[in-house]
Amino acid sequence: MPQCRLVLAVLPLLRSWRHIDPKGRIARWILDIWMYEFTILHRKGSDNQDADALSRLEIDNPITHIASQSILSMDDLIRAQTNDPDIATILSSGPVTYPYMLKDGILCYVKYNPPVIVVPAIWRQQFLHRIHVPVTSGHLGRDKTISRAKENGYWPTITRDVHQFVAKCLDCQKFKTKTHKFKMLKSIEVGAAGDRWAADIAYLPVTAKGNRYLLVCMEYLTKWVITAPLPAATADVIADVLVYEIVLKFGTPKEFLTDNGSNFISETINVVCLRLGISKIQTSVEAPSTDGLVERMNRTIKSSLSIYCQDNPAAWDVYLPFVTFALNTSRQATSEVSPFEAMFGRKPNLPALHDFPHVTFKTYSAQQWSSYLAHYIPLLHRDIKQTIQQNQQRQQKYFNMNRKQKEIFQKG
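Okay, structure coming up:
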């Protein structure tokens, strides 16, 4: 293989390559490129104008690949189930009994609510790919992917197979990072839906549209996420998002929680909150992790974006709405339902599975659906609040194991 030269304008990256004991993502990158023979050189950014110009080229179609998908019919599903040895055994062993049932000739699993189809073996890899890899699925972690799989299908080894599929996902191995836990965890009381929203800002590469900041807002009970790409992170822009994306779409919150950034504690934000009757609260300098819910979501979003934008980091604002959808339609660990279901009272239909057959077990008239939501959503929010409180106590207990409370010394 011919010797090549790799010219870098980023000095820290060169130092990472020469690191004696690399760890984590840097170590995985080094292993990936170790097979190639090249010399790494450093060139100042001002002298690296050819690469600088190429990195700023606008791309007409940043999404470079959309897989062609064939529409799968109910007949295809019936045929695939009949030809599957395990499913055929259930169908041929007499009347179908619990935990299975036949609906329109299709074998369904009824332990899940609502019941789901039993996915034949020949479809399972495609099924796993669609609930994890597409941009509307988000390359999310093991637990979220398992929940998404169980909401849309079933087979006896589904948990194990999803676990193995996510563990073998090369993109997740390259770009996902582990979080480090240092301080003691404290739980925050959760109010009613819409009572408290939190916000956080991240800096990302400049896009073709001039966006360089990512504003993430999150509602505390439903865990609903709002994301906004911003060209500037000024107080006026943040106030616009607060009014137009939160207040006018979800109602006026009681509290708006942020960190102590100058744009968040500005007079503009304080005046807007005062006029709308919103209590503006911020984290203390000693405990910035009070805003940890939205900060963790910020890291999750950036991690997913890094996978889809690995060939063009400046296209992150194109993929952002899709990743946001993936997070809003995935089950949250503390509430044990998806933000979509918590907000709208029903499970979402996923674009990645648009051509997979789905069995409808119950239909509603407009009046019946209105009555159903009026009774179901308050009960759902009550259960979510109780579940969050229980999980917070459990998580706090295990998080704080082997951690010491910070000692406070007195004078003298």
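Here the sequence shown is numbered in my numbering, starting from 61 and rising by one per residue. Where is the CB? At the ideal position from N, CA and C, for every residue including glycine.
Determine the DSSP secondary structure at residue 266, reduced to helix, strand or coil.
coil
What does the Cβ neighbour count give for residue 441, buried or exposed, with the cut at 16 atoms within 10 Å?
By the beta-carbon neighbour count (other beta carbons within 10 angstroms, threshold 16), residue 441 is buried.
Which of the three DSSP states is assigned to residue 427 in this structure?
helix
Where do the N-terminal and C-terminal ends of the alpha helix (DSSP H) with residue 368 fall, by residue?
352-368
Could you name the residues that DSSP lists as bridge partners for residue 101?
67
By how many angstroms is the C-alpha of residue 150 removed from the C-alpha of residue 478?
The structure shown does not extend to residue 478, since the chain spans only 61 to 472, so no value can be given for it.
With distances taken from CA atoms, which of 418, 432, 429 and 434 is nearest residue 187?
418
Could you tell me how far apart the beta carbons of residue 343 and residue 323 are, in whole angstroms, since I believe they sit closer than 8 Å?
Wrong, their Cβ atoms sit about 14 Å apart, outside the cutoff.
Quick one: what does DSSP say residue 149 is sitting in, helix, strand or coil?
helix
Using the Cα positions of residue 371 and residue 380, report the straight-line distance between them to the nearest angstrom.
15 Å
I'd like to know whether the C-beta atoms of residue 334 and residue 360 end up nearer to each other than 9 Å.
no
Tell me, please, whether the stretch 325-334 touches the stretch 293-305 by the rule of three or more beta-carbon pairs shorter than 8 Å.
yes
Considering residue 392, what are the terminal residues of the beta strand (DSSP E) in which it resides?
Where residue 392 is concerned, there is no enclosing beta strand (DSSP E), given that its DSSP letter is neither H nor E.
Going by DSSP, name the residue or residues bridged to residue 176.
169
Identify whether residue 125 lies in helix, strand or coil by the three-state DSSP scheme.
In this prediction, residue 125 has a pLDDT of 39, which is less than 50 and means its spatial position is unreliable; what the coordinates show is noted afterwards. Coil at residue 125, not helix or strand.
Which residues does DSSP pair with residue 214 in a beta bridge?
In the DSSP assignment, residue 214 is bridged to 178.
If you measure between the beta carbons of residue 199 and residue 229, is that distance less than 9 Å?
yes
Give me the Cα-Cα distance between residue 148 and residue 142, rounded to the nearest whole angstrom.
5 Å
Identify whether residue 326 lies in helix, strand or coil by the three-state DSSP scheme.
coil
Pull up the distance between the alpha-carbon of residue 263 and that of residue 316, whole angstroms please.
21 Å
Might you give, ordered along the chain, the residues of its own chain that have their beta carbon closer than 8 Å to the beta carbon of residue 448, omitting 5 neighbours on each side?
Contacts found: 250, 281, 394 and 395.
Quick check on DSSP: helix, strand or coil for residue 454?
helix
Under the assumption that residue 332 contacts residue 299 (Cβ atoms under 8 Å), give the Cβ distance between them as a whole number of angstroms.
5 Å
Residue 205 and residue 363: beta carbons closer than 9 Å?
no
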